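Since the structure comes first, as structure tokens, the remarks are kept for the end.
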Amino acid sequence: MSEVPSAVLLRPTVETKFHIDYEWWRRADRDVEVFLRDYLCDEHKQALATIAGDLLYDHVDAETGEVRRIGGIQQVLMSHCARQPGYLAPHNSLVDSVFRILLANGNTPISSNELSQRLGRPAMTILRTLSAPRVYKGIRPILETE
């Protein structure tokens, strides 16, 4: 009898953290930096129109002190565009709103309960959407194996 890996048996809960899985973007042969340009504010859409998306910056996680390399467009999103009025608007889809929150927070993992507080949407609705078989915008759960 073969053993099934425990990660396969784990199910996300409202406390499970979600993040943007950049490997998902690479496996799907999609350039996330090109996609992120749509999330820039008008000022930066013009300013960065001719800039290559391969600039990298060091981002320090305020909680853990971990240093990660992030793209220049994501840096601009985090430091300016995400702070502008209308970045997180009520008319955005649920998936788009979650993606925007993750971008604004430097892809710091966040749970459905925490997202519910930020978005005013039921945590179970968020969980069902993000843990469905189809992966939206690379948003995936971080499943603990213990």
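Numbered according to our numbering, the sequence shown spans residues 206 to 351.
Where is the CB? At the ideal position from N, CA and C, for every residue including glycine.
This one's a predicted model, so the numbers in the text were calculated from it and none came from an experiment.
Taking the straight line between their C-alpha atoms, what separation do you get for residue i and residue j?
i	j	result
Leu324	Ser316	12 Å
Pro338	Pro217	12 Å
Asp243	Gln280	14 Å
Tyr341	Gly291	22 Å
Arg232	Cys246	28 Å
Leu307	Thr313	6 Å
Glu351	Trp229	Its pLDDT being 44, under 50, Glu351 is placed unreliably by the model, and nothing is read from it.
Glu238	Met329	30 Å
Ala294	Ser302	8 Å
His224	Phe240	17 Å
Asp234	Asn297	25 Å
Which residue or residues does DSSP assign as beta-bridge partners of residue i?
i	result
Pro346	Phe223
Ile315	Phe223
Name the two residues that bound the continuous alpha helix (DSSP H) containing residue i.
i	result
His249	Asp247 to Ala252
Leu293	Careful: Leu293 lies outside any alpha helix (DSSP H) and carries neither H nor E.
Val340	No alpha helix (DSSP H) holds Val340; DSSP gives it neither H nor E.
Ser399	Here the chain covers residues 206 to 351 and nothing more, so residue 399 does not appear.
Gly277	Gly277 to Ser284
Is the CB-CB distance between residue i and residue j below 8 Å?
i	j	result
Phe304	Ile331	no
Leu282	Arg326	no
Leu348	Leu215	yes
Asn318	Glu248	no
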